[in-house]
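Novice: This structure is in C-alpha cells; I'll ask about it shortly.
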Amino acid sequence: DKPHRCGDCGKGFSRGSNLAQHRRIHTGERPHRCGDCGKGFIQRSDLERHRRVHTGERPYPCGDCGKRFSVSSHLDRHRRTHAGGPGPPAQPRTRPRPPPPEGSPAPHRCPECGKSFTQRSALAKHRKTHSGERPHRCGDCGKSFSRGSNLTQHRRIHTGERPFACGDCGKGFLQRSDLERHQRVHTGERPYTCAECGKSFSVSSHLDRHQKIHAAERASYQKPYKCGECGKGFGQRSALVKHRRIHTGEKPYACGDCGKGFIQKSDLTIHRRMHTGEKPYRCGECGKCFSVSSNLITHQRTHLGEKPYQCPECGKSFIQRSELTIHQRVHTGEKPY
C-alpha cells in the first residue's frame, strides 16, 4: 500500500518522508549543499558521494589488485576485468538490439515500413522519422528536433549543463551514455569482445576498427586482381583501377577552385571543404565542428578522457597515434630531425 501520492506525477510512496524527497525532483530543491564548490543535491547520500571528488577518498578497494574506487558500482564493474574474479561477468555487447519475442503484442504498426510498437505514442514518435516533422525548435540556434527529449539534450550545449557527473573525477557529461563510456577509464572495464580472437575493448568503435583487421586477413585469400607494378591484390577490378593511379600519377578529380587533383572523388569532397568552410561533423559535447569525421573522433577523446594508444615500454597512454610515436623516441633514442 502506497498512500502518499505525488500531486505532480501521481507516483505513490509508502512513507511521507520518501514523498517529500521525491518532490524535490519537481521543485528543483537541493537542500544538501557542498561546502567546497556550492553544488546542491537532493539526498545527503549524493552529497557524501560527491564530496569524495574534493577529498580524494576512495573507500572501496579491489581485493585482487588493490585499486581503490570512490563509488561501489565502479568497483563492481572493475572486478569484471579480473578473470574469474567476483562480480557479475562482463557480457560481450553487440550493437543491434534483439527483436521482441515471438507472440509479444505490438498492435500499432507503421504503414511506411511495417515496424510495430506496443504503444500508440511510440508509433507517433517513430512516424516523424518518415514525415521529417521536427516540431521541437531550439530558441538559441533554431535547430529543430522530432522529439522533445532530443531538444532538451541539445540545449545543454547552450546552457553548459552537464547533469551526469563522474563520481571518481567529477567531470560532467551531457548524456548518461558518455558518462558510462568515460567511467571505463577509471574501472578498466572492456565490455566489447572480439568473437574471433577474444581481445576486449572499452569502446565499440575500437572493436569495429579491430575487426577490420580480421576482415582484411580473410579477404587477402580472395584477391584475384593483382597490380602489375607492386603485386598488391584486390577483390574488385574497380579497386585495382583506382590503386594503379598511385603508380601512373593520374588524378582525374580536379578541384574547380584551385586546380588540385585527386585520385578519388571522396578525397576531392573533403578537400573542397577548405574552400567552402563546410564542417559537417559536430561535437555533441561542446558544439565544435570539423570537416573530417576522424578529426571529430580524435577531439571527442578529450571530453571522454580516452587514450587508446598505449606505450608497450612504460604503459603511458595517448589520445593520438602520432603522440605515441613521438613519445616512443624517449625509449628508442631516435632523433629524426
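Just so we're aligned: the sequence shown equals residues 1 to 337 in the UniProt record's numbering. Every residue, glycine too, gets a C-beta built ideally from N, C-alpha and C.
#1: Here's the rule I'm using: 16 or more other beta-carbon atoms within 10 Å means buried, otherwise exposed. How should P111 be labelled?
#2: Can you tell me whether K226 is helix, strand or coil according to DSSP?
#3: Nearest by alpha-carbon distance to H303: which of G249, V185, C194 and D140 is it?
#4: I think C138 touches L151, with their Cβ atoms under 8 Å apart; what is that distance to the nearest whole Å?
#5: For P100, which residues in the same chain have their Cβ closer than 6 Å to its Cβ, ignoring the five residues on either side in sequence?
#6: From what residue to what residue does the alpha helix (DSSP H) around V53 run?
#7: In this structure, does DSSP put G16 in helix, strand or coil?
#8: How many angstroms separate the CA atom of C286 from the CA atom of P224?
#9: Near D257, what residues of its chain come up, given a Cβ to Cβ distance below 6 Å and the 5 sequence neighbours on each side ignored?
#10: Does H82 come out as helix, strand or coil in the three-state DSSP assignment?
#11: Could you say if the region 322-334 and the region 205-220 meet the contact criterion of at least three C-beta pairs nearer than 8 Å?
#12: Which runs of the alpha helix (DSSP H), 4 residues or longer, sit entirely within the region 118-176?
#13: What runs of the alpha helix (DSSP H), each 4 residues or longer, lie entirely inside the UniProt domain "C2H2-type" (192-219)?
#14: Using the Cβ count rule (16 or more neighbours within 10 Å means buried), how would you classify C62?
#15: Is it the case that the Cβ atoms of Y253 and L240 are separated by a distance below 7 Å?
#16: Do you know whose CA, among C227, F201 and C197, lies nearest A215's CA?
Specialist: In short, the structure shows the following:
#1: So P111 ends up on the exposed side.
#2: Three-state DSSP puts K226 in a strand.
#3: Checking every option, the nearest Cα to that of H303 belongs to V185.
#4: Between the beta-carbon of C138 and that of L151 there is about 6 Å, and that keeps the pair under the 8 Å contact cut.
#5: Note on P100: pLDDT 48, under 50, position unreliable in the model; the coordinate value appears next. Excluding residues within five positions, none has a Cβ falling inside 6 Å.
#6: Counting along the chain, V53 sits inside the alpha helix (DSSP H) bounded by residues R44 to T55.
#7: Note: G16 maps to helix in three-state DSSP.
#8: In this structure, the alpha-carbon of C286 lies about 47 Å from that of P224.
#9: Around D257: H275.
#10: DSSP places H82 in coil when its eight states are reduced to three.
#11: In short, these stretches do not touch, since the Cβ pair count stays below three.
#12: Counting only runs of 4 or more, we get 120-131 and 148-159.
#13: Taking 4 residues as the shortest admissible run, the UniProt domain "C2H2-type" (192-219) contains the following complete alpha helix (DSSP H) segments, listed from N- to C-terminal end: 204-219.
#14: With 16 or more other Cβ atoms inside 10 Å of its own Cβ, C62 counts as buried.
#15: With contacts defined as CB atoms closer than 7 Å, Y253 and L240 fail to qualify as a contacting pair.
#16: Residue C197 is the option with its Cα nearest to A215.
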